[in-house]
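Scroll down for the structure; my scribbles are underneath it.
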Amino acid sequence: MMRTADRPAPLVCTVLPTYNERENIGPLIEGVLAGAVTPHLVLVVDDNSPDGTWQVVEELMRRHNQAGQVRVALERRIGAKGLTSAIQRGIDLAIYTFGAEIVTWMDCDLSMPPEDVPRLVRAITDGGADIAVGSRWIPGGADVAHGFMARTLSWLINNFARTLLDRRVTDYTSGFIAARRQPLSHLRLRGDYGEYCIDLLGRALAAGYVVTEIPYRCTPRTAGASKTGANLWDYLVKGRKYVATVWRLRQL
Ligand SMILES: Nc1nc2c(ncn2[C@@H]2O[C@H](COP(=O)(O)OP(=O)(O)OP(=O)(O)O)[C@@H](O)[C@H]2O)c(=O)[nH]1
Ligand SMILES: [Mg+2]
Numbered sequence: 049m050m051r052t053a054d055r056p057a058p059l060v061c062t063v064l065p066t067y068n069e070r071e072n073i074g075p076l077i078e079g080v081l082a083g084a085v086t087p088h089l090v091l092v093v094d095d096n097s098p099d100g101t102w103q104v105v106e107e108l109m110r111r112h113n114q115a116g117q118v119r120v121a122l123e124r125r126i127g128a129k130g131l132t133s134a135i136q137r138g139i140d141l142a143i144y145t146f147g148a149e150i151v152t153w154m155d156c157d158l159s160m161p162p163e164d165v166p167r168l169v170r171a172i173t174d175g176g177a178d179i180a181v182g183s184r185w186i187p188g189g190a191d192v193a194h195g196f197m198a199r200t201l202s203w204l205i206n207n208f209a210r211t212l213l214d215r216r217v218t219d220y221t222s223g224f225i226a227a228r229r230q231p232l233s234h235l236r237l238r239g240d241y242g243e244y245c246i247d248l249l250g251r252a253l254a255a256g257y258v259v260t261e262i263p264y265r266c267t268p269r270t271a272g273a274s275k276t277g278a279n280l281w282d283y284l285v286k287g288r289k290y291v292a293t294v295w296r297l298r299q300l
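Numbering (the numbering used here), first residue to last: 49 to 300.
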């Protein structure tokens, strides 16, 4: 894309929501910064993790924030908890405090490859999308992190969402997203865990925003513990909320 002197490259901010990701956060931050092609800020929103994730981030801030340049920032929330509110807090800081034009976010268990962040960003800067979604369900994408039962339930819910909402999106529960500031400034995140993603994409499509998908390979976490349950009951409880979210959005 051509840039002129009066049109500086847009600031991209990657929001990283963390709870007890001490061993993952360092490689993840380094991975995101290594792929940066325009000015890029990494903003960690940590809910005062007992394992001291925020201390690792503070150390990286000392290393990367030199000569007045902020490349790594930390929001340490004391008392607040929850993935959706952490991402929303990060989006608000990215847009209104740091002036980001594009915000990306992802899980911090290294199940989503930081090398793919530039591809999501390019889908917006070069491809003209308003929102780019990392998808496990298009050619080139895969989910090798979860077992047969979880993959089947995820496939079922995503097909249910495609049938009732919009077929162009295949991974409504992705959570690996890049978006322009404009949709984010009037579509605030609602709901718990994966529901927020279905809800955001459903409302964005209904509002006429251009949503594109980029394939990615979801790999198992190798350090730290999952914060969501992995037995059939947990999946059914989560799945019921996903179905209710799709059902609510169907008439938009
Ligand atoms: N700030 C914040 N981050 C959270 C909270 N709960 C989970 N996270 C982060 O959300 C991301 C996803 O959490 P995971 O434990 O990987 O959950 P998941 O991906 O649904 O589960 P798996 O499929 O088992 O990996 C990780 O980056 C977590 O650290 C929370 O309460 N606050
Ligand atoms: Mg995970």
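Note that CB positions come from ideal geometry on N, CA and C, so glycine has one too.
Cβ-Cβ separation, residue j to residue i (assumed contact under 8 Å), whole Å
{"i": "LEU81", "j": "ALA121", "result": "At roughly 12 Å, the Cβ-Cβ gap does not stay under 8 Å, so LEU81 and ALA121 are not in contact."}
{"i": "LEU232", "j": "ILE139", "result": "5 Å"}
{"i": "ASP247", "j": "LEU297", "result": "7 Å"}
{"i": "MET109", "j": "PHE224", "result": "Not a contact, Cβ separation roughly 24 Å."}
{"i": "ASP151", "j": "VAL63", "result": "It should be noted that the sequence gives Val, not Asp, for residue 151. Correct: roughly 6 Å between the Cβ atoms."}
{"i": "THR221", "j": "GLY242", "result": "4 Å"}
{"i": "ALA209", "j": "ILE262", "result": "Rounded, the Cβ-Cβ distance is 18 Å, inconsistent with contact."}
{"i": "ARG265", "j": "ALA190", "result": "5 Å"}
{"i": "LEU141", "j": "GLU163", "result": "The pair is not a contact, with the Cβ atoms about 25 Å apart (cut-off 8 Å)."}
{"i": "ARG229", "j": "ILE143", "result": "5 Å"}
{"i": "LEU168", "j": "ALA226", "result": "4 Å"}
In DSSP terms, what residue i is bridged to
{"i": "SER183", "result": "PRO263"}
{"i": "CYS61", "result": "LEU89, VAL151"}
{"i": "ARG137", "result": "In DSSP, ARG137 forms no bridge with anything."}
{"i": "ALA190", "result": "ARG265"}
{"i": "THR200", "result": "According to DSSP, which records beta bridges pairwise, THR200 is partnered with nothing at all."}
{"i": "ASP94", "result": "THR66, ARG124"}
Residues near residue i in its chain [Cβ-Cβ closer than 6 Å; skip 5 each side]
{"i": "GLN299", "result": "none"}
{"i": "LYS301", "result": "The requested residue 301 does not occur in the structure, where the chain is confined to residues 49 to 300."}
{"i": "ARG269", "result": "ASP157, SER159"}
{"i": "HIS88", "result": "VAL60"}
{"i": "LYS289", "result": "GLU243"}
Proximal residues to residue i (C-beta, below 8 Å), its chain only, five neighbours per side dropped
{"i": "THR267", "result": "LEU158, SER159, PRO161, VAL192, ALA193"}
{"i": "LEU235", "result": "LEU248, ARG251, ALA252, ALA255"}
{"i": "ALA128", "result": "ASP95, ALA134, ARG137"}
{"i": "GLY147", "result": "LEU59"}
{"i": "ARG199", "result": "ASP191"}
{"i": "SER97", "result": "THR66, TYR67, ASN68, GLU69, ARG70"}
{"i": "ALA273", "result": "ASN68"}
Cβ neighbours of residue i in the same chain (closer than 7 Å, five flanking residues each side left out)
{"i": "GLY176", "result": "VAL258"}
{"i": "VAL104", "result": "ARG70, ILE73, GLY74"}
{"i": "VAL85", "result": "PRO166"}
{"i": "ALA271", "result": "GLU71, ASN72"}
{"i": "ARG238", "result": "TYR244, ASP247"}
{"i": "ASN279", "result": "none"}
{"i": "GLU106", "result": "LEU122"}
{"i": "ASN206", "result": "TRP185, THR218, ASP219, TYR220, THR221"}
{"i": "GLY188", "result": "PRO263"}
{"i": "GLY83", "result": "PRO162, GLU163, VAL165, PRO166"}
{"i": "LYS275", "result": "TYR67"}
{"i": "THR101", "result": "THR66, ASN68, GLU69, ARG70, ILE73, ASP94"}
{"i": "GLY79", "result": "PRO162, GLU163"}
{"i": "VAL294", "result": "PHE208, ALA209, LEU212, LEU213, ILE246"}
{"i": "LEU201", "result": "TYR283, GLY287"}
Start-to-end residues for the beta strand (DSSP E) that takes in residue i
{"i": "ALA273", "result": "Premise fails: ALA273 is in no beta strand (DSSP E) and is neither H nor E."}
{"i": "GLU123", "result": "120-124"}
Residue i - containing alpha helix (DSSP H), residue span
{"i": "ARG228", "result": "Here ARG228 belongs to no alpha helix (DSSP H); instead the beta strand (DSSP E) covers 225-228."}
{"i": "ARG296", "result": "280-297"}
{"i": "GLY250", "result": "243-254"}
{"i": "THR173", "result": "165-173"}
{"i": "VAL105", "result": "101-112"}
Closer than 9 Å to chain D by CB, residue i
{"i": "ALA171", "result": "Included in the structure is just one protein chain, with no chain D present."}
Within 5 Å of ligand 2: residues by beta-carbon to any heavy atom: ASP155, ASP157, SER159
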